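Chains as they are written, first to last, in my numbering: chain A, 424 to 677; chain B, 49 to 158.
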């Protein structure tokens, strides 16, 4: 297909274009070339400046309508991001308050667990109370008397009780403690306790002291025991925590 | 030879020197660069045609740049700067294409 431009184009000399370009490139330079070089150098300089300016601030090149468009875009995006910030902050507050209430609940539970551990005898306890020493040289005090004394002390508000025998065995008295007598030796929870008995009781000292006067209504205990009130007592014998075998906690219905 | 060295020197100077384009000249520089490019391609084509003349090149170069900048300036004054600079770029682009097409014919005979 003949191109019209091909016919219009008539070389002004028999030399081909590339050869003329090469000749111009390699020919001896004259004054005119210097001016051309200066202008082309200025072009290169300006082009590089423009490219570098474009790399930096695009906004300075933008027209007013473009700027308005960009501004409204940015405003929209800003609004969306602010919404997102508010959402995330609300979520953060929620989580924080949730964590705080959970922490408080955990602390309360821990306190309650410590209190229950003292009552169950699985944790050592300290506080004011009385020490009841039953010498009983004539061996008149029997297991049922000791049990009666413990009951009486409990009624008077004893919170932690431990029983120490002359043989050095110590038993923390718990809800399931049992008192037996085998061959004239007191056995509490399967541990043999010999005379003299020492009951260390934490509770209101005055109330406990008064209760000893009534200890199960038996005069044997009353006659053989010595009661000392103390401001600071330590009950450090521990019981093994027992797991209820049949009783299950009732599900909390709230 | 010397023009090629001049181009390299100009590019090197633009890269080395940290020159900020003055704010008043900023809208005109891209147009001026395109106009100068047009003049340069026209010059190369003239060399290949064997009709190159220093004087013509210098005058066309400077006139191109000044007229292009002036048209954009006029457009900015009239409030149609964006449209007019687009028009100038289009026209110069067409001219550059034409010149490059001529050069291509010289180089590849096609």
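From the three backbone atoms N, C-alpha and C, an ideal C-beta is built for every residue, glycine too. Computed from a predicted structure; not experimentally measured.
{"Asked": "Contact under 8 Å by Cβ, residue 569/A with residue 620/A", "Found": "yes"}
{"Asked": "Beta-carbon proximity list for residue 615/A, same chain, < 6 Å, skipping 5 on both sides", "Found": "608"}
{"Asked": "Those residues which DSSP pairs with residue 602/A across a bridge", "Found": "611/A"}
{"Asked": "For residue 60/B, the residue or residues it bridges with in DSSP", "Found": "Residue 60/B pairs with nothing; no bridge assigned."}
{"Asked": "Under 8 Å between C-beta atoms of residue 55/B and residue 471/A", "Found": "no"}
{"Asked": "CB contact check: residue 81/B to chain A, cutoff 8 Å", "Found": "yes"}
{"Asked": "Residue 586/A - DSSP class collapsed to helix/strand/coil", "Found": "strand"}
{"Asked": "Whole-angstrom distance between residue 135/B and residue 427/A, CA atom to CA atom", "Found": "Here residue 427/A scores only 48 on pLDDT, less than 50, and its place in the model should not be relied on; the value that follows carries that caveat. Going by the C-alpha atoms only, they are around 27 Å apart."}
{"Asked": "C-alpha gap between residue 90/B and residue 147/B, whole angstroms", "Found": "6 Å"}
{"Asked": "8 Å contact criterion, which residue 376/A and residue 542/A should meet: CB distance rounded", "Found": "Outside the shown range of chain A, which is 424 to 677, sits residue 376/A, and nothing can be said about it."}
{"Asked": "Member of 571/A, 625/A, 629/A, 618/A whose CA lies at the smallest distance from the CA of residue 602/A", "Found": "571/A"}
{"Asked": "Residue 462/A - partner residues in DSSP beta bridges", "Found": "BP columns for residue 462/A are empty, so no partner."}
{"Asked": "is_contact[residue 456/A, chain B] using C-beta, thresh 8 Å", "Found": "yes"}
{"Asked": "Contacts that residue 681/A makes with chain B (C-beta to C-beta distance below 8 Å)", "Found": "Because residue 681/A is not part of the residues shown, which for chain A are 424 to 677, the question remains open."}
{"Asked": "Secondary structure of residue 654/A, DSSP reduced to three states", "Found": "strand"}
{"Asked": "Members of the region 49-65 of chain B that neighbour chain A once the beta carbon cut-off is set at 9 Å", "Found": "49, 50, 51, 52, 53, 54, 55, 56, 57, 58, 59, 60, 61, 62, 63, 65"}
{"Asked": "Integer Cβ distance of residue 84/B from residue 104/B, believed to fall under 8 Å", "Found": "Rounded, the Cβ-Cβ distance is 15 Å, inconsistent with contact."}
{"Asked": "6 Å Cβ shell around residue 524/A - same chain, five flanking residues per side excluded", "Found": "none"}
{"Asked": "Span of the beta strand (DSSP E) around residue 551/A", "Found": "548-557"}
{"Asked": "Nonlocal neighbours in the same chain, by C-beta distance under 8 Å from residue 120/B, ignoring five residues either side", "Found": "75, 76, 79, 129, 132, 133, 136"}
{"Asked": "The beta strand (DSSP E) enclosing residue 595/A, as first and last residue numbers", "Found": "593-596"}
{"Asked": "Within-8 Å CB hit, residue 78/B to chain A", "Found": "yes"}
{"Asked": "Status (buried if at least 16 other CB within 10 Å, exposed otherwise) for residue 672/A", "Found": "exposed"}
{"Asked": "Proximal residues, the region 486-514 of chain A versus chain B, C-beta separation under 7 Å", "Found": "486"}
{"Asked": "Bridge partner(s) assigned by DSSP for residue 648/A", "Found": "557/A"}
{"Asked": "For residue 622/A, the three-state DSSP class (helix, strand or coil)", "Found": "strand"}
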